[in-house]
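Visitor: Numbering follows numbering that gives the first Met the number 0, in which position 43 of the sequence shown is assigned residue number 42; successive positions increment by one, without gaps. Note that beta-carbon positions come from the ideal geometry of N, C-alpha and C, so glycine has one too. Model, not experiment: these values are computed from the prediction. Input: one structure, supplied below.
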Amino acid sequence: MASLTQMTGFFTKQRKNNKTFKISYFFVDSYGTMYYLSNLAQLNYYIKNSNSELDIISKLESSNAISKMSIQNCRISGIKTLQAYDNVPFYHRQHFELQISQKNVIKVLQVYSTIEDDIEILQDVIKQGSQKQRPVQQLLFNSEIEKKNAFIEEILLLLKKYEGEVINVNSNEIQQDSKLYYTGQIVDGKPEGQGTLFYNLEGIHYKGSFQNGKKHGVGYIANSNLDQIDCEFEYDILTGI
Numbered sequence: 000m001a002s003l004t005q006m007t008g009f010f011t012k013q014r015k016n017n018k019t020f021k022i023s024y025f026f027v028d029s030y031g032t033m034y035y036l037s038n039l040a041q042l043n044y045y046i047k048n049s050n051s052e053l054d055i056i057s058k059l060e061s062s063n064a065i066s067k068m069s070i071q072n073c074r075i076s077g078i079k080t081l082q083a084y085d086n087v088p089f090y091h092r093q094h095f096e097l098q099i100s101q102k103n104v105i106k107v108l109q110v111y112s113t114i115e116d117d118i119e120i121l122q123d124v125i126k127q128g129s130q131k132q133r134p135v136q137q138l139l140f141n142s143e144i145e146k147k148n149a150f151i152e153e154i155l156l157l158l159k160k161y162e163g164e165v166i167n168v169n170s171n172e173i174q175q176d177s178k179l180y181y182t183g184q185i186v187d188g189k190p191e192g193q194g195t196l197f198y199n200l201e202g203i204h205y206k207g208s209f210q211n212g213k214k215h216g217v218g219y220i221a222n223s224n225l226d227q228i229d230c231e232f233e234y235d236i237l238t239g240i
């Protein structure tokens, strides 16, 4: 267990009935609990904005997007012969096989010492093994990744800043003093169905599904530069980007 304690990284599991892999990003606490989810940016945000391990755990426990399991008594073995999977980047770091039970084995688990290394993973997962790009194309790709990461960080900070704010749905025009303004379908005075939520002072808006006055379902977030990113919410909790 010592090799995984307070570590971050990712693991892959093959989806049933096909040959594709699902990638999950994880954090292991000092008690042997692995917290994992499919959204790297969200995990990155929790860790970067925490002052202690207990603070990280508290944030993870409060998220509906997080799954967890105890690996305190699991058998861990190193993978010496690295295999090339299409959607999984490999480097000369720590690689493990995690035996959870007789029928449940995580065969590809890669561990990193710091959360900053996970940005490297994100770049490689999006790139999906396209190492044959020309140098100029690679520079353009890296620039786009940095731009996307910056936008994701901006979105996460924005959602935290406006958490719990009252949405203005009573006017046909955006009011200067309204922090949140909604236009779209309304039921019982609350956003319901399809609509657009404007973060009035930020030049950013969310367009997508609402339920019972909250962002719920799929949509996208865009800024004044017309950059946009697809996202998914469960009652105002961001579950996917």
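1. I need the straight-line Cα distance from Gln60 to Ile240, nearest angstrom please.
2. Kindly identify the DSSP beta-bridge partner or partners of Ile204.
3. Please work out which residues of its chain come closer than 7 angstroms, Cβ to Cβ, to Glu201, disregarding the five sequence neighbours upstream and downstream, and give them in chain order.
4. Say whether the stretch 47–61 touches the stretch 23–38, bearing in mind that this needs 3 or more beta-carbon pairs closer than 8 angstroms, one atom from each stretch.
5. Straight-line CA distance for Ser69 to Ile151?
6. Here's a check: name, in chain order, each residue in its chain whose Cβ is nearer than 6 angstroms to the Cβ of Ser238, leaving out the five neighbours to either side.
7. Please report the straight-line C-alpha distance between Asn199 and Tyr234, rounded to a whole angstrom.
8. Could you pull out every residue in the same chain whose Cβ sits closer than 7 angstroms to the Cβ of Ala40, ignoring the five residues on either side in sequence?
9. With distances taken from CA atoms, which of Lys213, Val168, Gly192 and Thr195 is nearest Glu162?
10. Rounded to whole angstroms, what is the Cα-Cα separation between Ile99 and Ser37?
11. Please report how far the alpha carbon of Lys67 lies from the alpha carbon of Tyr34, in whole angstroms.
12. According to the Cβ coordinates, are Pro190 and Ile166 closer than 8 angstroms?
13. Can you tell me which of the three DSSP states His91 falls into?
14. What runs of the beta strand (DSSP E), each 3 residues or longer, lie entirely inside the stretch 4–59?
15. Could you compute how far the alpha carbon of Tyr181 sits from the alpha carbon of Asp226?
16. What residue does the beta strand (DSSP E) around Ser61 start on, and which one ends it?
17. Helix, strand or coil: which one does DSSP assign to Lys213?
18. Measuring only the C-alpha atoms, how far is Lys160 from Leu196?
19. Who are Gln98's beta bridge partners in DSSP?
20. Below 8 angstroms on the Cβ atoms is my contact criterion, and I expect Ile236 with Ser62 to pass it. Report the Cβ-Cβ distance as a whole number of Å.
21. Less than 8 angstroms between the CB atoms is what I'm expecting for Asn8 and Leu108, so what's the real figure, rounded?
22. Here's the rule I'm using: 16 or more other beta-carbon atoms within 10 Å means buried, otherwise exposed. How should Ser223 be labelled?
23. Relative to the C-alpha of Ile203, which candidate in Leu179, Asp187 and Val217 has its C-alpha closest?
Guide: According to the data block:
1. Here residue 60 corresponds to residue number 61 of the sequence shown, with the count starting at 1. Here residue 240 corresponds to residue number 241 of the sequence shown, with the count starting at 1. First, the residue type needs correcting, since residue 60 is Glu and not Gln in the sequence shown. Cα to Cα, Glu60 sits roughly 20 angstroms from Ile240.
2. For the purposes of this step, residue 204 is identified with residue 205 of the sequence shown, where counting begins at 1. It is worth fixing the name first, because residue 204 is His in this sequence and not Ile. DSSP lists Phe197 and Ala221 as partners of His204.
3. As a first step, residue 201 is located in the sequence shown; it is residue number 202 there, counting from the start. Around Glu201: Leu157.
4. yes
5. The residue labelled residue 69 in the question sits at position 70 within the sequence shown. The residue labelled residue 151 in the question sits at position 152 within the sequence shown. Spanning the two alpha carbons is a distance of roughly 30 angstroms.
6. As a position in the sequence shown, residue 238 is number 239, starting the count at 1. At residue 238 the sequence reads Thr, which differs from the Ser that was named. For Thr238, where only same-chain residues beyond five positions count, the Cβ hits under 6 angstroms are Ala64 and Glu231.
7. For this step, residue 199 is matched to residue 200 along the sequence shown. For this step, residue 234 is matched to residue 235 along the sequence shown. Roughly 21 angstroms separates the two Cα atoms.
8. One-based indexing of the sequence shown puts residue 40 at position 41. The answer, listed in chain order, is Ile151, Leu155 and Ile240.
9. Here residue 162 corresponds to residue number 163 of the sequence shown, with the count starting at 1. Considering only alpha carbons, the answer is Lys213.
10. Translated into the one-based positions of the sequence shown, residue 99 becomes position 100. Translated into the one-based positions of the sequence shown, residue 37 becomes position 38. Cα to Cα, Ile99 sits roughly 19 angstroms from Ser37.
11. Your numbering for residue 67 matches position 68 in the sequence shown. Your numbering for residue 34 matches position 35 in the sequence shown. The alpha-carbon atoms of Lys67 and Tyr34 are separated by roughly 4 angstroms.
12. Taking the first residue of the sequence shown as position 1, residue 190 is located at position 191. Taking the first residue of the sequence shown as position 1, residue 166 is located at position 167. Contact flag set, yes.
13. Within the sequence shown, numbered from 1, the residue matching residue 91 stands at position 92. Its pLDDT being 38, under 50, His91 is placed unreliably by the model, and the measurement read from it follows with that caveat. In the structure shown, His91 sits in coil (DSSP, three-state: anything other than H, G, I, E or B).
14. 7–13, 20–27 and 32–36
15. Within the sequence shown, numbered from 1, the residue matching residue 181 stands at position 182. Within the sequence shown, numbered from 1, the residue matching residue 226 stands at position 227. For Tyr181 and Asp226, the distance between alpha carbons rounds to 20 angstroms.
16. For this step, residue 61 is matched to residue 62 along the sequence shown. First-last for Ser61: undefined, no H or E at that position.
17. The count along the sequence shown starts at 1 and reaches residue 213 at position 214. Three-state result, Lys213: strand.
18. Within the sequence shown, the letter at position 161 stands for residue 160. Within the sequence shown, the letter at position 197 stands for residue 196. Distance between the alpha carbons of Lys160 and Leu196 is about 15 angstroms.
19. Working through the sequence shown from its first residue, we reach residue 98 at position 99. Per DSSP, Arg74 and Val104.
20. Counting from 1 along the sequence shown, the entry for residue 236 is found at position 237. Counting from 1 along the sequence shown, the entry for residue 62 is found at position 63. Right, their Cβ atoms sit about 7 angstroms apart.
21. To locate residue 8, count along the sequence shown from 1; it is residue 9. To locate residue 108, count along the sequence shown from 1; it is residue 109. Note on residue identity: the sequence assigns Gly, not Asn, to residue 8. Indeed they touch by this definition, with Cβ atoms about 7 angstroms apart.
22. Working through the sequence shown from its first residue, we reach residue 223 at position 224. Counting Cβ neighbours within 10 Å, Ser223 comes out exposed, since fewer than 16 surround it.
23. Indexing the sequence shown from 1 puts residue 203 at position 204. Nearest C-alpha to Ile203: Leu179.
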